[in-house]
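Start counting the sequence shown at 75; every next residue gets the next number (my numbering). Using N, Cα and C, we set each Cβ at its ideal position, and we do this for glycine too. Here is the structure we will look at, set down as structure tokens.
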Amino acid sequence: MAGTSAKRIAVADWWRGLDYWLLTAFLVLLVGGVMLSFAASPPVAERIGLEPFHFVKRHALFLVPSAMVMFACSLLTPRGVRRAAFILLGVSVVMMILTLFIGTEIKGARRWIDFGPLGIQPSEFMKPAFVVICAFLFAEKARRPDIPGNLFALILLLVVVALLVAQPDLGQTILVSAAWGGLFFMAGMPWMWIVVLGAVGLAGAAFAYEAFDHVASRIDRFWTGEGDTYQTDTARDAILHGGWMGQGPGEGTVKRLLPDSHTDFAFAVIAEEFGILTCMLLATIFAFIVLRALSVALNQRDVFTRLAISGLVFIFGLQSIINMAVNLQLMPAKGMTLPFISYGGSSMIAIAISAGFVLALTRKRPENRSYTDKLLERTTLLHGV
Numbered sequence: 075m076a077g078t079s080a081k082r083i084a085v086a087d088w089w090r091g092l093d094y095w096l097l098t099a100f101l102v103l104l105v106g107g108v109m110l111s112f113a114a115s116p117p118v119a120e121r122i123g124l125e126p127f128h129f130v131k132r133h134a135l136f137l138v139p140s141a142m143v144m145f146a147c148s149l150l151t152p153r154g155v156r157r158a159a160f161i162l163l164g165v166s167v168v169m170m171i172l173t174l175f176i177g178t179e180i181k182g183a184r185r186w187i188d189f190g191p192l193g194i195q196p197s198e199f200m201k202p203a204f205v206v207i208c209a210f211l212f213a214e215k216a217r218r219p220d221i222p223g224n225l226f227a228l229i230l231l232l233v234v235v236a237l238l239v240a241q242p243d244l245g246q247t248i249l250v251s252a253a254w255g256g257l258f259f260m261a262g263m264p265w266m267w268i269v270v271l272g273a274v275g276l277a278g279a280a281f282a283y284e285a286f287d288h289v290a291s292r293i294d295r296f297w298t299g300e301g302d303t304y305q306t307d308t309a310r311d312a313i314l315h316g317g318w319m320g321q322g323p324g325e326g327t328v329k330r331l332l333p334d335s336h337t338d339f340a341f342a343v344i345a346e347e348f349g350i351l352t353c354m355l356l357a358t359i360f361a362f363i364v365l366r367a368l369s370v371a372l373n374q375r376d377v378f379t380r381l382a383i384s385g386l387v388f389i390f391g392l393q394s395i396i397n398m399a400v401n402l403q404l405m406p407a408k409g410m411t412l413p414f415i416s417y418g419g420s421s422m423i424a425i426a427i428s429a430g431f432v433l434a435l436t437r438k439r440p441e442n443r444s445y446t447d448k449l450l451e452r453t454t455l456l457h458g459v
């Protein structure tokens, strides 16, 4: 009985401490992604000889696990988030190494490991764990200057970047590096570091342009408009065809010509069938999540919590911006999913982990006592012991 009462108190405290605005926004994206997959997925499935709702069913199949993962992660304490991130990062790095040797090669890149019918992209799970651990290292450096937290964070970045470049996955490399730089800046990066890292970033971009033909090709096509710009041009046509109000559910025609309409270019399909106004609403939800989480982070006294929240929503927001910018021809083409909207099981579960971490870290807690102490005290009073 005492154990049951303690669990009820824990759940009640969890519910009272949640940021309901963030929870609602995440759930809207999670459920909305499944609904919008009805528009984006069938043409692709038919084109490759599958039944029309193949990807819709698979997308819906990941809905419940994603919600459960988000709920489970939201129950964690900040210490629990750190521990979970350490474990997840270790497993992800090992799997990324294995991917280089036994991973499935797709379009010249090895980013996936197949476990029977299930394919996993380890780099997706690495991102939230990487951000949390870097936030911890930067926070420890701020708390105890004798600890080389910044150096450890830099070493971790180099390891992760090396694994991503080896796949190769330049988009994720940019995303992870930008998140690391943002965390370092928020942790009090010296101006000398800003200059040095800026120079390193430019040198890395120049190296990628020279070393990887597909990177150079995409950048050249973006700047000159020459070459194979079929996908981005078709995405633009879909957006223009939809207009402000859209053609209506199932009435899109340009989407049928998009090879990756269910993943990288789901935003263009949404524009064609539901209109630019719906896309603006979707972008507003992403912006709301980032701004809401940052406003909560600013009020956190604990440095780790403040940095971890900021880093998680930074990488969430930046990934959203990159996807939408590619659809709008504001950036060179890059295979990056729109969080919770694009099809992809690894992406959905990994983003659910990020969302759960954010919900856990933004929960209201007693400032002077640990959550466990308060729980034990309330259980004791409840039973009159």
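Exercise for review: Give me the Cα-Cα distance between residue 171 and residue 227, rounded to the nearest whole angstrom.
Suggested key: 19 Å
Practice item. Go ahead and label residue 306 buried or exposed: buried means 16 or more other beta carbons lie within 10 angstroms of its beta carbon, across all protein chains shown. Key: buried
**Study point:** Rounded straight-line distance, which links the Cα of residue 383 to that of residue 88
**Key:** 18 Å
Practice item. Quick one: grab the DSSP three-state call for residue 186. Key: strand
Practice item. Tell me whether the beta-carbon of residue 363 lies closer than 8 Å to the beta-carbon of residue 387. Key: yes
Check your understanding: Where does the unbroken alpha helix (DSSP H) through residue 232 begin, and where does it stop?
Key -> 223 to 240
Check your understanding: Mapping DSSP to helix, strand and coil, what is residue 163?
Key -> helix
Check your understanding: Are the beta-carbon atoms of residue 416 and residue 309 separated by less than 8 Å?
Key -> no
Point to revise | Environment of residue 188 [buried if 16+ CB atoms lie within 10 Å] | key: exposed
Check your understanding: Any idea what DSSP makes of residue 192, helix, strand or coil?
Key -> strand
Check your understanding: Is residue 140 near the ligand ZN, going by C-beta to nearest heavy atom under 7 Å?
Key -> Looking for the ligand ZN in the displayed structure turns up nothing, as the structure carries no ligands at all.
Check your understanding: CA-CA distance, residue 326 and residue 106?
Key -> 18 Å
Point to revise | Proximity of residue 414 and residue 92 at Cβ, strictly below 8 Å | key: no
Review point. For residue 254, does the count of other Cβ atoms within 10 angstroms reach 16, so buried, or fall short, so exposed?
Key: buried
Review point. So which of 233, 152 and 132 has the shortest CA-CA distance to residue 193?
Key: 132
Check your understanding: Taking the continuous alpha helix (DSSP H) assigned at residue 423, which residues delimit it?
Key -> 419 to 435
**Study point:** Limits of the beta strand (DSSP E) - the one that residue 179 falls within
**Key:** 178 to 180
**Study point:** Counted within 10 angstroms of its Cβ, other Cβ atoms place residue 319 as buried (16 or more) or exposed
**Key:** exposed
**Study point:** Distance, residue 408 Cα to residue 399 Cα
**Key:** 10 Å
**Study point:** Own chain partners of residue 176 with C-beta closer than 8 Å, once the 5 adjacent residues on each side are dropped
**Key:** 187
Exercise for review: Check each candidate in 391, 348, 312 and 347 and name the one with the smallest Cα separation from residue 368.
Suggested key: 391
Practice item. Would you kindly report the start and end of the unbroken alpha helix (DSSP H) that includes residue 265? Key: 265 to 285
Check your understanding: With DSSP run on the structure shown, which of helix, strand or coil describes residue 365?
Key -> helix
**Study point:** C-beta atoms of residue 213 and residue 159 nearer than 8 Å
**Key:** no
Check your understanding: When the Cα atoms are used, what is the spatial distance from residue 90 to residue 356?
Key -> 27 Å
Exercise for review: Compute the distance between the beta-carbons of residue 126 and residue 329, then report whether it is under 8 Å.
Suggested key: no
Practice item. State buried or exposed for residue 373, treating a residue as buried only when at least 16 other CB atoms are found within 10 Å of its CB. Key: exposed
Exercise for review: Report the rounded CA-to-CA distance for residue 220 versus residue 267, giving the unit in angstroms.
Suggested key: 19 Å
Check your understanding: Which stretch, first to last residue, makes up the alpha helix (DSSP H) that contains residue 336?
Key -> That residue, residue 336, is in no alpha helix (DSSP H); it is neither H nor E in DSSP.
Exercise for review: Would you kindly check if the distance between the Cβ of residue 389 and the Cβ of residue 230 is under 8 Å?
Suggested key: no
Review point. Rounded to the nearest angstrom, how far is the Cβ of residue 377 from that of residue 217, given a contact under 8 Å?
Key: 7 Å
Practice item. From the DSSP output, in three-state form, read off residue 350 for me. Key: helix
Point to revise | Span separating the alpha-carbon of residue 200 from that of residue 225 | key: 19 Å
Point to revise | Cβ distance (whole Å) where residue 148 is taken to contact residue 322 below 8 Å | key: At roughly 37 Å, the Cβ-Cβ gap does not stay under 8 Å, so residue 148 and residue 322 are not in contact.
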